[in-house]
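Worksheet: one structure, shown below.
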Amino acid sequence: MKLNRRLFATLAASALAAGLAGPVLATDLAAIESAGTVKIGMLVDFPPFGILDTAGKPDGYDADVAKALGDYLGVKADIVPVTGPNRIPYLLSGQVDVLVASLGITKERAEKVNFSKPYAGISIAVYGDKATALADAAALSGQGIAVTRASTQDTGVTKVAPADADIRRFDDDASAVQALMSGQVKLIGASNVVMSQVNAAAGDRFDKKFDLSSQVQGIAVAPGSDALLEKINAFVVQAKSDGMLDKVHEKWLGGPLPEFVKTAE
Amino acid sequence: MYHFNFQPIFDNFDMLLHGAWLTVRLSLMAMVFGLIVSVLGAVAKTSGIRPLRWLVDLYVEVIRNTPFLIQIFFIFFGLPAIGIAMSPNTAALVALVVNVGAYGTEIIRAGIESIPQGQIEAGRALALSRVQILRHVVLKPALRNIYPALTSQFIYLMLTSSVVSVISANDLASAGADLNAKSFASFEVYLVLTVMYFLLAAGFSAVFAMIRRVAFSYPASR
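Just so you know, the sequences run in chain order A and B.
To convert, take the position in the first sequence, counting from 1, and add 3; that gives the working numbering.
To convert, take the position in the second sequence, counting from 1, and add 1176; that gives the working numbering.
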């Protein structure tokens, strides 16, 4: 019996170790179809992608995509609010089947989860008054440009701008935008998300000068949900070609789905 | 356990020193212009010319009953709407002058009112002109009386100047914020900033004490 006890201890220890490492509990397509619901994780604190509406229900770009995905799969979409840091653990522990949670596609994340084709994207670019001509980063020489301190656009602009560019760092997006709107600066480094809100408020005073960087977002499933991923990819392809994503993008971000999302693989 | 890492601060100390210089320059300029505004405001307020007094009263009340942050936002973001656009550093100076001018007006007014009527009459008896009376009989003793209140207001002004980075003006606090964004050594950066602001305040205090000894050391009878 001694041997058996030792065997049991080993088994228990390895089970425990596996438990601590986070078991991957993938739910594949068949299980979702038989359950009749798909649990979709979504951020609700990331406007305009994920917000809570006045009734406290998840809403936004991701919510519209999630509902459309549920319809496409022919099941009920059950939206589960997740947060930035816990969204991947939610998926890997099987508490949600799919993430439509503005998850940027990176190499590190792709090692843990499987990404669909991109369904959304955030781009950082230099924007400015239509009257201000600006061809490239070298033309920033001597120009004032507002950025949010320590943001991606701060890093991006600082990297490409010549030394005599006047980079004005503000403490938050709102102040940087305010500097642009009040004419204190003619240029701003900002994301397309922020600029869609600016353009909604300011009409079409500003246009894009040049891109700094972009990040595409994918729908994610746990490893092992291969049939589900295949179906989601088909959904994304169809949503891109039939204009569904354009329409949702127009609704939440003003303007069709950006070209870099459409062409990204 | 948090590991202190002051290396990024030593490596970029010139950034902070430059920031400290900007804060000193901004504060000094705001003090000089603020003193001028304060004296003019106080003289106007005690002049007996009613519309002038009302105007100064309005200025003092509006500024003393609104937050500095809102004032600086208004000057930088609001005024361009009526065609007055200033660079961030100019807007910061203007906001500080306008702010300290309101507090200074009240402090100096109190000083002027502390001058006994008899002293002014003594000036008249000596056949001094109105300007001479204002300068030698009223203002100088008045400043001497309220000197401690005025200088502590000035030191407070220097500390308040740390918020000008909200309109992207450059000073010690914004240099610290930039260094923080670069190094992520928040605690170390703000610890060093605290020490630097303390030293600046102590330095200003020492200078003010010296000015007091030189300018106001004549014997007084009260």
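Backbone N, C-alpha and C fix where the C-beta goes; we use that ideal spot for every residue, glycine too.
query: Any residues in the stretch 1339–1350 of chain B with a beta carbon nearer than 8 angstroms to a beta carbon of chain A? Which ones, in chain order?
result: S1341, V1342, I1343, S1344, S1350
field: Neighbourhood of A24/A by C-beta, 6 angstroms cutoff - its chain only, sequence neighbours within 5 removed
entry: Bear in mind that a pLDDT of 45 at A24/A, under 50, signals an unreliable position, so the number given afterwards is only what the model happens to contain. Short of 6 angstroms from the beta carbon of A24/A, and not among the five residues preceding or following it, lies no beta carbon of its own chain.
Residue closest to E1289/B, alpha-carbon to alpha-carbon, out of E1364/B, D1187/B, V1219/B: Closest by alpha carbon: V1219/B.
query: Of all Cβ atoms in chain A, is any one closer than 7 angstroms to the Cβ of F1253/B?
result: Under the Cβ criterion of 7 angstroms, F1253/B is counted among the residues facing chain A.
message: Quick test of the definition: if touching needs 3 or more C-beta pairs under 8 angstroms, does the stretch 245–258 of chain A touch the stretch 54–66 of chain A?
response: yes
field: Under 8 angstroms by beta carbon: chain B residues contacting F173/A
entry: V1342, I1343, S1344
message: Taking 7 angstroms as the limit between beta carbons, can you name the residues of its chain near G39/A, skipping five residues before and five after?
response: V78, K79
message: When you compare the CB positions of A149/A and A179/A, do they come within less than 7 angstroms of one another, or not?
response: yes
task: Check whether the Cβ atoms of G147/A and V188/A sit closer than 7 angstroms, and answer yes or no.
output: Result yes, Cβ atoms of G147/A and V188/A sit closer than 7 angstroms.
- prompt: What is the rounded straight-line gap between the Cα of A1385/B and the Cα of G1217/B?
  reply: 25 angstroms
query: Are the stretch 1302–1317 of chain B and the stretch 1338–1357 of chain B touching by the rule of at least three beta carbon pairs closer than 8 angstroms?
result: no
message: Considering just the uninterrupted stretch of the beta strand (DSSP E) at Q187/A, what are its terminal residues?
response: Here Q187/A belongs to no beta strand (DSSP E), and DSSP marks it neither H nor E.
field: Nearest to A71/A (by Cα), restricted to the options P261/A, G87/A, A242/A, K265/A
entry: A242/A
query: Do you know how far the Cα of A225/A is from the Cα of E262/A?
result: 28 angstroms
- request: Could you spell out where the alpha helix (DSSP H) holding G1294/B opens and where it closes?
  value: 1293–1301
- prompt: Where A21/A and G97/A are concerned, what is the direct C-alpha to C-alpha distance, given to the nearest angstrom?
  reply: Low local confidence applies: a pLDDT of 47 at A21/A is under 50, so the model's placement there is unreliable, and no value is given.
task: Count the CB pairs spanning the stretch 1273–1289 of chain B and the stretch 1199–1213 of chain B that are closer than 8 angstroms, and state whether there are at least three.
output: yes
Length of the line joining the Cα atoms of K110/A and Q218/A: 12 angstroms
query: Counting only beta-carbon atoms, is A1298/B nearer than 7 angstroms to chain A?
result: no
Beta-carbon contacts of P26/A that lie in its chain and below 6 angstroms, excluding the five residues immediately before and after: Residue confidence is low: P26/A scores 46 on pLDDT, short of 50, so the model does not pin down where it sits. Its coordinate-derived value is still stated next. Once the five neighbours on either side are set aside, P26/A has no close Cβ partner at all.
message: Comparing C-alpha positions only, which one of D167/A, A33/A, G257/A, F52/A sits nearest to Y122/A?
response: F52/A
field: Minimum C-alpha distance to A1325/B - residue among Q1293/B, S1381/B, T1222/B, V1339/B
entry: S1381/B
Other residues of its chain near F1182/B: CB distance less than 6 angstroms, five sequence neighbours each side excluded: E1364
- request: With 7 angstroms as the threshold, decide whether the Cβ of P1256/B is near any Cβ in chain A.
  value: yes
query: Quick one: is R1246/B buried, meaning 16 or more other Cβ sit within 10 Å of its Cβ, or exposed?
result: Arg is not the amino acid found at residue 1246/B; the sequence shown has Ile there. It is exposed - the Cβ of I1246/B has fewer than 16 other Cβ atoms within 10 Å.
query: If you follow the beta strand (DSSP E) that Q98/A is part of, which residue opens it and which one closes it?
result: Where Q98/A is concerned, there is no enclosing beta strand (DSSP E), given that its DSSP letter is neither H nor E.
message: Just to confirm my understanding: we take M1191/B, look at its own chain, exclude 5 residues before and 5 after, and list those with CB closer than 8 angstroms. What are they?
response: A1351, D1354, L1355
query: When DSSP labels each residue in this structure, what does M45/A get in the three-state scheme?
result: strand
query: Should A1271/B be flagged as near chain A, meaning a C-beta pair shorter than 7 angstroms?
result: no
message: Please return the same chain residues whose Cβ sits closer than 6 angstroms to the Cβ of D169/A, not counting the five positions on each side in sequence.
response: G147
- request: Could you work out which residues of chain A lie near A1261/B, taking near to mean beta carbons separated by less than 9 angstroms?
  value: S185, G186, Q187
- prompt: Are D100/A and K42/A touching if we call contact CB-CB under 7 angstroms?
  reply: Contact flag set, yes.
- request: Run down chain B in chain order and give the residues with a C-beta less than 7 angstroms from the C-beta of A153/A.
  value: Chain B residues near A153/A: A1357.
- prompt: According to a CB-to-CB cut-off of less than 7 angstroms, which residues of the stretch 215–236 of chain A neighbour chain B?
  reply: none
message: Quick test of the definition: if touching needs 3 or more C-beta pairs under 8 angstroms, does the stretch 133–142 of chain A touch the stretch 1333–1341 of chain B?
response: no
- request: Determine which residues of the stretch 1233–1248 of chain B have a Cβ less than 9 angstroms from any Cβ of chain A, and write them out in chain order.
  value: none
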